[in-house]
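Quick note: the sequence shown uses the numbering used here, first residue 8, plus one each step.
Below is one structure; the comments refer to it alone.
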Amino acid sequence: MVSLSDGIMKTKAILVAGGKGSRLYPFTRYTQKTLLPLYNRPVIDYALGTIRRGGIRRITIISNEHIGHIAKHIGQSLEDEQIHYVLEEEPQGVAHALQLARPHNDDCRLMIYFSDNITTVEFDNLV
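Rendered as structure tokens:
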């Protein structure tokens with residue numbers, strides 16, 4: 008059953024922010040790849056901006072042992088938004104990560120977005 012509010016289907020986002028960033032070594036030796044700066048902003052900020060401009064206000068961020076650094080950077084959330092942080096203790100692939108995020112995302116449409124993707128595509132007409 009999909010949650011409806013005023014007849015509009017709710018959409019949530021899962022932001023996959025794991026990965027070791029081995030191809031970006033040595034930059035990722037001490038910094039998680041989605042926190043690396045691009046034009047003076049961490050890469051994850053671009054992904055969050057894309058999701059937020061799409062009108063999505065319920066976001067689950069899943070990452071590895073660096074989830075605390077990501078949470079510290081992002082903070083709790085904006086006033087009208089909910090962010091859940093999920094730790095993937097052992098990397099077992101994207102399907103496993105999505106399974107861990109599932110308890111926060113039942114009964115809704117989902118946008119799955121990878122935090123190191125940067126795009127000029129806007130999702131306001133898609134969600």
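Beta carbons are placed, not taken as given, at the ideal position from N, Cα and C, and that holds for glycine.
Quick check: the Cα distance between residue i and residue j, rounded to an integer number of angstroms?
i: lysine 40; j: leucine 31; result: 8 Å
i: leucine 107; j: asparagine 71; result: 12 Å
i: leucine 82; j: arginine 116; result: In the sequence as presented, leucine is not what sits at residue 82; that position holds glycine. In a straight line, the C-alpha of glycine 82 is about 25 Å away from that of arginine 116.
i: methionine 8; j: aspartate 114; result: With a pLDDT of 39 at methionine 8, under the threshold of 50, the predicted position of this residue should be treated as unreliable, and no value is reported.
i: glutamine 89; j: leucine 55; result: 12 Å
i: tyrosine 120; j: valine 101; result: 11 Å
DSSP puts residue i in a beta bridge; with which residues?
i: lysine 19; result: Leu117
Nearest to residue i by alpha carbon, out of the options?
i: arginine 64; options: Asp52, Val128, Leu85 and Thr35; result: Leu85
i: lysine 17; options: Asn112, Thr126 and Val128; result: Asn112
What whole-angstrom Cβ distance do residue i and residue j have, given they're in contact under 8 Å?
i: isoleucine 69; j: valine 23; result: 6 Å
i: alanine 104; j: glutamate 96; result: Not really, about 11 Å apart at Cβ, beyond 8 Å.
i: alanine 20; j: isoleucine 58; result: 5 Å
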